[in-house]
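Colleague: I have a structure here, written as structure tokens, and I will follow up with some questions on it.
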Amino acid sequence: MTATFTPHPKPVREPKPAKGPRQRKCAVSACRALFPPRSMTHKACSPECAAALAVTARQVAERKSDRARKQALKSRQDHLKDAQAAFNAFIRERDRDEPCISCGRHHDGQWHAGHFRSVGAQPALRFDETNVHKQCAPCNNHLAGNIVEYRIRLIQKIGALRVELLETEHAPARYTIEDATRIKLIYRGKLKQLQQAK
Numbered sequence: 001m002t003a004t005f006t007p008h009p010k011p012v013r014e015p016k017p018a019k020g021p022r023q024r025k026c027a028v029s030a031c032r033a034l035f036p037p038r039s040m041t042h043k044a045c046s047p048e049c050a051a052a053l054a055v056t057a058r059q060v061a062e063r064k065s066d067r068a069r070k071q072a073l074k075s076r077q078d079h080l081k082d083a084q085a086a087f088n089a090f091i092r093e094r095d096r097d098e099p100c101i102s103c104g105r106h107h108d109g110q111w112h113a114g115h116f117r118s119v120g121a122q123p124a125l126r127f128d129e130t131n132v133h134k135q136c137a138p139c140n141n142h143l144a145g146n147i148v149e150y151r152i153r154l155i156q157k158i159g160a161l162r163v164e165l166l167e168t169e170h171a172p173a174r175y176t177i178e179d180a181t182r183i184k185l186i187y188r189g190k191l192k193q194l195q196q197a198k
């Protein structure tokens, strides 16, 4: 007598609950309530929040317009100041754990990015990283850079040959607005890399 095979009945799956409408957080930071959006561009949960968003968008547009106008009014000298500020911030961060290049002291005062060959004497070395190092305010401001001591420690830091190269005459440099903008962007990027590498 042969046994008959009786298959097990398949389990009945429960139907999935119906999904409710997709929820989105209101874009107004003070609200952030959940609401069902009517479209991809629907960002506010109420007319009041929509009005607040419109005001914010207008303010952002006005700020961008103001920045663009100010940028257009900037002189070449203004752009060079911006580039110098970005470069100096990079130098101070690069040398943050080092003492003053001139007096060799660590202290709690203000720190500068001090040029070995000054911008007036050698404009071509204005943004040369081997020519600029962290320097305390007393050495830079009150001792005119304290250059004799600066040179001694600079030789220890980068070597006599590179110092001698800095001391040679360099072709005159005239930075354009485009040069200044490029230098500013480069050194903002380099500063960011140093800060992220901490």
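Counting from 1, one number per residue, gives the positions in the sequence shown under UniProt numbering. Just so it is clear, CB atoms sit at the ideal spot from N, CA and C, and this is done for glycine as well. It should be emphasised that the depicted structure is a prediction, and the values quoted were computed from it without experimental measurement.
My output table needs one value for V148: the three-state DSSP class, helix, strand or coil.
Modeller: As a first step, residue 148 is located in the sequence shown; it is residue number 148 there, counting from the start. Three-state result, V148: helix.
Colleague: Using 9 Å as the threshold, is the C-beta distance between L84 and R126 below it?
Modeller: Counted from its first residue, the sequence shown places residue 84 at position 84. Counted from its first residue, the sequence shown places residue 126 at position 126. Here residue 84 is Gln; the residue named in the question, Leu, does not match the sequence. Yes; because the gap between Cβ atoms is below 9 Å, this pair is in contact.
Colleague: Taking P36 as the reference, which of A61, P47, L191 and R24 has the closest Cα?
Modeller: Looking up residue 36 in the sequence shown gives position 36. With distances taken between Cα atoms, P36 lies closest to R24.
Colleague: Would you mind sorting G189 into buried or exposed? The rule is 16 or more other CB atoms within 10 Å of its CB.
Modeller: Locating residue 189 in the sequence shown gives position 189, where the first residue counts as 1. Under this definition G189 is an exposed residue.
Colleague: Could you tell me the boundaries of the alpha helix (DSSP H) in which K184 lies?
Modeller: For the purposes of this step, residue 184 is taken as residue 184 along the sequence shown, with counting starting at 1. Counting along the chain, K184 sits inside the alpha helix (DSSP H) bounded by residues I177 to Q196.
Colleague: Of the choices L80, K134, L165 and A61, whose alpha-carbon is the least far from that of R174?
Modeller: Residue 174 sits at position 174 when you count from the first residue of the sequence shown. Closest by alpha carbon: L80.
Colleague: Compute the Euclidean distance between the alpha carbons of N146 and I155, then round it to the nearest angstrom.
Modeller: By one-based count along the sequence shown, residue 146 stands at place 146. By one-based count along the sequence shown, residue 155 stands at place 155. Between N146 and I155, the alpha-carbon positions lie close to 15 Å from each other.
Colleague: Mind checking R67: buried by the 16 CB within 10 Å criterion, or exposed?
Modeller: Taking the first residue of the sequence shown as position 1, residue 67 is located at position 67. Result: exposed.
Colleague: Could you pull the start and end residues of the beta strand (DSSP E) that C136 belongs to?
Modeller: Start at 1 with the first residue of the sequence shown, and residue 136 comes out as number 136. That run of the beta strand (DSSP E) goes V132 to C136.
Colleague: Y150 and H170 - do their beta-carbons sit closer together than 9 Å?
Modeller: Working through the sequence shown from its first residue, we reach residue 170 at position 170. Working through the sequence shown from its first residue, we reach residue 150 at position 150. No, Cβ-Cβ distance for H170 and Y150 is not below 9 Å.
Colleague: Can you give the beta carbon distance from V28 to A44, rounded, assuming they're within the 8 Å contact cut?
Modeller: Along the sequence shown, read from residue 1 onward, the residue named residue 28 stands at position 28. Along the sequence shown, read from residue 1 onward, the residue named residue 44 stands at position 44. Contact holds; Cβ gap of about 6 Å.
Colleague: When the Cα atoms are used, what is the spatial distance from V60 to K70?
Modeller: As a working note, residue 60 is residue 60 in the sequence shown. As a working note, residue 70 is residue 70 in the sequence shown. For V60 and K70, the gap between their C-alpha atoms comes out near 15 Å.
Colleague: Are E129 and R92 touching if we call contact CB-CB under 9 Å?
Modeller: Numbered from 1 along the sequence shown, position 129 holds the residue referred to as residue 129. Numbered from 1 along the sequence shown, position 92 holds the residue referred to as residue 92. Against a cut-off of 9 Å, the Cβ pair of R92 and E129 comes out as no contact.
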